[in-house]
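Residue 430 in the UniProt record's numbering is what sits at position 430 of the sequence shown, and the numbering runs on without skipping anything.
Each residue gets a CB set at the ideal place from its N, CA and C atoms; glycine is no exception.
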Amino acid sequence: MSEQFAEVIVDVPSMQTNQPYTYAIPTEWIGQVFPGMRVIVPFGKRKILGFTTKILSKRPGVSFKIKEIEEVLDLTPVLNTEMLEMASWLAKWTFSFKISCLQVMLPAAMRASYNKTIKLTSTDVSEEVKQLFDEQNEVKFDSKELSADVFKKLSTLSREKKAEVIYQVHDRARTKKVTAIKSLLNTQEIQKQKELLRVNADKLRLLLDFLGKIGSQILTQKDAIKKTGLSAAVFTQGEKKGWLKKEKVEKYRDPYRDAEIKRTKPKQLKAAQQKAVERIDHSIVQQQDKVFLLQGVTGSGKTEVYLYTIACALKNKQTALMLVPEISLTPQMVRRVKSRFGSNVAVLHSGLSEGEKYDEWRRIERNEATVVVGARSAVFAPLENIGIIIMDEEHETSYKQEDMPEYNARDVAIKRGSWHHCPVVLGSATPSLESRARAQKGVYEWLRLDERINGQPLPEVQLIDMRQELKRAPAVDISTPLLDAIKQRLEQKEQVVLMLNRRGYSSFIMCRECGFVLKCPNCDISLTLHMDSHSMKCHYCGHEEPIPRTCPSCQSKKIRYYGTGTEKVEQELQQLLPETKILRMDVDTTRRKGAHAKLLRQFGNK
């Protein structure tokens, strides 16, 4: 092959550059560059990142000299054909820049600055390759420093799944390494070493027995110590004797490593659930890209329907994608799914650290996880051969991305279902108007779960006229009927959940003298009072300033707080129920990683 060219989308998000640019592939990389790979290209006076979208075998009909690709960042594509076509569709559908659509599909660690190493994942390689790695497990990867012959060999190894590129991010997303041990002795050698030991060398004899059990298996030293009860010093002694080899191996960062999740068995389905499962399972087996609207009242068993249909997809040698709208819902759903499918489940949401997201993404990309549970961004999980896509609480507005590209995860999920010829299940007790309309017109198949599993009626709703309550107690936000109901439940050793869609202490402060309301200088919306930080905050841009003691406009001291937030309700409850443990869950109390799960555990453990 004499010449090759690549169409590249460059990392310059603007209308003028929202098009593919053609670059020549250097001779040494011909046949090794594919669509979906990241490259460094000259653009004007800069060198910038780009994504290859198409490989051309003929020179474009232009008279000027075509610039060459400067560096190839990947051995194999990080975006497959589906994701490349999805990016093109998304750019047109949402009127977004194509580079934004390509980047939203990758974890942040792959968009940051990093070092790259090539790691051998198989021992079934030639002596020439072993010499290239110099008896090490991995070597630094820089396409500019590698010869054409070496680059070609590494590319071939990567395509054969015998090597892979590891991205070691400079900041939080470094690849985690742990010490592992590997036995260097065969059965006969172990027996010979036992005969040479002193009679009282019990620990070394135990170590030899253990090495015989693990054979060629590589085990982390931490696990080996746990299984044998031996100290690290004994393993070091074994290494000095040449019995075993210690080496650093990669270990995934598991966001649920400390969670105790017991495996559970499928529950018995009710007739309506069974009917829904049969309809969805039929579409999975027949590979039909149908959309189902699963409308079920609260407590009707929608989650169990999801789990049954995921099991059907896995039985059919396919994968499954499940979306939930909020990070706060993810821990609960993950526990349900992991309890059924174990380590096959990967999790993707913004509450994970950059390193955890990167590791989970790689598990999915390597086909080590067959079920993905996550929030909006998980819709781009690099799953192959998807058998079912589930979108719980499909009516939630949090499925809509506000930044470019401004997509709705529901549209992307349905598009992926069409690509993989698999059903998409939209679940909700209160479907969105558009989903309900499509179900009524027959565009979606409408499945109903109208009864609760336990046969209990839906909760009674009681409306309280707060105007009458404020006449009795002007300074209290919790009505007498509500307080009585809370006390009644607490006396019965039960728990209470109060929902309020406003965080902070008070919605705004106003001067009763001149009517001045303190607003954000950037957004022109009222600032919210936060007593815990003694400040006024803008919930849009984050602007913060001290609480004014006098009116900034007329200097009057007649400042009053209006509106009620979660912080104020918490304070009132603590005054009304001083013996009761009260938890507050809002954006302010769940900023730290793992805070959602911690609060849910505390509530679950009473």
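Closest residue to residue 507 among 584, 460, 535, 295 (Cα-Cα distance)
Of the listed residues, the one whose Cα sits closest to residue 507 is 535.
Going by DSSP in three states, residue 171 sits in which element: helix, strand or coil?
Summary for residue 171: the model assigns pLDDT 36, below 50, so the residue's position carries little reliability, and this model does not support an answer.
Where does the unbroken alpha helix (DSSP H) through residue 94 begin, and where does it stop?
Residue 94 -> alpha helix (DSSP H) spans 81–94.
Identify the residues that DSSP records as bridge partners of residue 535: which are they?
Answer is 530, 546, bridged to residue 535.
Do residue 426 and residue 378 count as a contact pair if the criterion is CB distance below 7 Å?
Note that the C-beta distance between residue 378 and residue 426 is not below 7 Å.
Could you round the C-beta distance between residue 13 and residue 100 to whole angstroms and report it? I think they count as a contact, below 8 Å.
Here residue 13 really is in contact with residue 100; their C-beta atoms are around 6 Å apart, less than 8 Å.
By DSSP's criteria, residue 488 is part of a beta bridge. Which residues make up the other side?
Beta-bridge annotation (DSSP): residue 488 is not paired with any residue.
Between 274, 210, 180, 430, which has its C-alpha nearest residue 191's C-alpha?
When only C-alpha atoms are compared, the closest one is 210.
Would you mind reading off the limits of the beta strand (DSSP E) that contains residue 24?
Per DSSP, the unbroken beta strand (DSSP E) holding residue 24 starts and ends at 21–24.
Once the 5 residues before and after residue 399 are set aside, which same chain residues still bring their CB inside 8 Å of it?
Once the five neighbours on either side are set aside, the close Cβ partners of residue 399 are 323, 325, 376, 391, 408, 409, 410.
If contacts are defined as beta-carbon pairs under 8 Å, then residue 516 and residue 104 qualify, I think. What distance do you get, rounded to the angstrom?
In fact, because the Cβ distance is near 42 Å, the residues do not count as touching under 8 Å.
With residue 139 and residue 157 assumed to form a contact (beta carbons below 8 Å), what rounded beta-carbon distance in angstroms separates them?
That belief does not hold up - the Cβ atoms of residue 139 and residue 157 are roughly 12 Å apart, past 8 Å.
Could you pull the DSSP bridge partners for residue 295 from this structure?
Looking at the DSSP output, residue 295 sits in a beta bridge with 428, 448.
CB-CB under 6 Å to residue 273, same chain, minus the five flanking residues each way: which ones, in chain order?
Correct list, in chain order: 301, 305.
Just how far apart, CA to CA, sit residue 469 and residue 564?
Distance between the alpha carbons of residue 469 and residue 564 is about 15 Å.
Beta carbon of residue 155, beta carbon of residue 4: below 7 Å?
Going by C-beta atoms, residue 155 is not nearer than 7 Å to residue 4.
Residues near residue 119 by beta carbon distance below 7 Å, same chain, minus five either side
Taken in chain order, the residues that qualify are 137, 138, 163, 164, 166.
Kindly list the residues whose CB is nearer than 7 Å to the CB of residue 430, restricted to its own chain and excluding five residues on each side of it in sequence; keep chain order.
Excluding the 5 residues flanking it on each side, residue 430 has same chain C-beta neighbours closer than 7 Å at 395, in chain order.
Could you give the C-beta distance for residue 540 and residue 520, rounded to a whole number, given that I count them as a contact under 8 Å?
Indeed they touch by this definition, with Cβ atoms about 7 Å apart.
Taking just the CA atoms, how far does residue 73 sit from residue 333?
The alpha-carbon separation between residue 333 and residue 73 amounts to approximately 36 Å.
Taking the alpha-carbon positions, what's the residue 169 to residue 83 distance?
Caution is warranted here: a pLDDT of 40 is assigned to residue 169, below 50, making its placement in the model unreliable, and the coordinate value is therefore given only provisionally. One alpha carbon belongs to residue 169, the other to residue 83, and they sit about 23 Å apart.
Quick one: grab the DSSP three-state call for residue 112.
With a pLDDT of 48 at residue 112, under the threshold of 50, the predicted position of this residue should be treated as unreliable, though the coordinate-derived value follows. Assignment of residue 112 by DSSP, reduced to helix, strand and coil, places it in the coil class.
DSSP bridge partner residues for residue 511 (one or two, in chain order):
According to DSSP, residue 511 bridges with 559.
State the start and end residues of the unbroken beta strand (DSSP E) segment that holds residue 42.
That run of the beta strand (DSSP E) goes 38–43.
Thinking just about the alpha-carbon of each residue, which of 69, 65, 197 is nearest to the one in residue 29?
Minimum Cα distance to residue 29 is reached at 69.
Within this structure, are the beta carbons of residue 337 and residue 373 separated by less than 7 Å?
In this structure, residue 337 places its C-beta atom within 7 Å of the C-beta atom of residue 373.
Taking the continuous alpha helix (DSSP H) assigned at residue 323, which residues delimit it?
Premise fails: residue 323 lies in the beta strand (DSSP E), 319–323, not in any alpha helix (DSSP H).
Can you pull the DSSP bridge partners for residue 71?
BP columns for residue 71 point to 40.
Please go through the same chain and pick out, in chain order, the residues whose beta-carbon is closer than 7 Å to the beta-carbon of residue 440, but skip the five residues on each side of it.
The beta carbon of residue 440 is closer than 7 Å to none in its chain, skipping five residues each way along the sequence.
Three-state secondary structure assigned by DSSP to residue 235
Residue 235 sits in a helix when the DSSP states are folded into three classes.
Residue 604, enclosing alpha helix (DSSP H) - first and last residue:
Counting along the chain, residue 604 sits inside the alpha helix (DSSP H) bounded by residues 595–604.
Straight-line CA distance for residue 173 to residue 358?
Here residue 173 scores only 39 on pLDDT, less than 50, and its place in the model is too uncertain to base an answer on.
Residues in its own chain within less than 6 Å of residue 238 by CB, not counting five upstream and five downstream?
So the qualifying residues of the chain are 207, 244.
Pull up the DSSP beta-bridge partners for residue 303, would you.
Paired residues: none, contrary to the question.
Spatial neighbours of residue 121 within its chain, please: C-beta separation below 7 Å, excluding the five flanking residues on both sides.
Beyond the five residues adjoining it in sequence on each side, residue 121 comes within less than 7 Å, by CB distance, of 161, 162, 163, 164 in the same chain, given in chain order.
Ranges of the beta strand (DSSP E) found wholly within the stretch 195–250, counting only runs of at least 3:
Listed in chain order, they are 244–250.
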